[in-house]
């Protein structure tokens, strides 16, 4: 009897230890949205990988720069990614397919204290196109089907300003393959204008305080003199930093605490992963994105 009890106790202990080990992370997998070239994304996130490896005590941090937004979305839905920063529409897609797949923990704060940004439409400065009215019958480019500022908000907000649906107003529409590539395609003349993202704070001539235009200016691949702004959207909720929901609460808290302090502990790293000037991070919940979830469901579906 004693042997049976002892054997049972040992078995239970072994099972408990195995469960603890199963919960522990050996590798932390970070998804990086498409939008700019892969080398730049990997370089910008390397400091994050170095820090988070130490914070979590994991053996390895792997960075996955997806070719497009959907690559990260599917990784989060499939459980092959543990963390990512998403746009609001990309988060809405994840939420609509499986609301329990990820947990939004933080979002960025702009330099003016807001937690939103803008979709902007830009054209070549030498194109002769100066206003949204000039774009009637012209070619419009979007960034990515899962981009909030690069697609969802323009197709839902523009009709109020042009008095008709997008397909009726523009001669054609298409996708540029990400925000940076879209702007390059506008400069090449593939599209007469395109929609991308910007903080809307500060001066357009600087690429604003943050966003895709600012990133391109800072990298030296864009001169703002080459562009003119035709349209700006209403304020859009800044996208969330999300963690796989099944990760244990202690690990989530370590990640959240690390990121919250990052603007002070390593400002250069914070600037590198965000691109441009921000104040810091603010806690966020799914309710913050409900208007975008509703808009995506109505316009695109799940």
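Residue numbers (mature numbering (1 follows the signal peptide of the UniProt record, and there is no 0)): -22 to -1, 1 to 280. Where a beta carbon is used, it is the ideal one built from N, C-alpha and C, also for glycine.
By the Cβ criterion, the region 206 to 222 is in contact with the region 109 to 126, since at least three pairs of Cβ atoms, one from each stretch, lie closer than 8 Å. Per DSSP, the continuous beta strand (DSSP E) segment holding residue 205 begins and ends at 205 to 210. Contact between residue 89 and residue 187 holds, with the beta-carbon distance rounding to 5 Å and staying under 8 Å. According to DSSP, residue pairing for residue 96 in a beta bridge involves 176. Between residue 101 and residue 203 a beta carbon distance of about 13 Å is seen, past the 8 Å cut, so the two are scored as non-contacting.
Taking all protein chains shown into account, residue 21 has fewer than 16 neighbouring C-beta atoms within 10 Å of its C-beta and is therefore exposed. If one requires a minimum length of 3 residues, the beta strand (DSSP E) runs lying completely within the region 123 to 170 are 150 to 153, in chain order. Taking the Cα positions, residue 117 is about 38 Å away from residue 58. The continuous stretches of alpha helix (DSSP H) do not include residue 91, and DSSP gives it neither H nor E.
Counting only runs that start and end inside the region 21 to 106, the beta strand (DSSP E) elements of at least 3 residues fall at 38 to 43, 61 to 63, 80 to 87, 94 to 102. For residue 237, there is no enclosing beta strand (DSSP E); the enclosing alpha helix (DSSP H) covers residues 227 to 243.
In the DSSP assignment, residue 117 falls within the beta strand (DSSP E) that extends over 117 to 120.
With a beta-carbon spacing of about 6 Å, residue 277 and residue 134 fall inside the 8 Å limit used to define contacts. DSSP lists 39 as the bridge partner or partners of residue 6.
For residue 256, the closest alpha carbon among the candidates 149, 109, 238, 78 is that of 238.
Distance between residue 176 and residue 96, taken at the CA atoms: about 5 Å.
For residue 191, the enclosing alpha helix (DSSP H) starts and ends at 190 to 197.
Distances from the alpha-carbon of residue 205 to those of 106, 52, 19, 15 put 106 closest.
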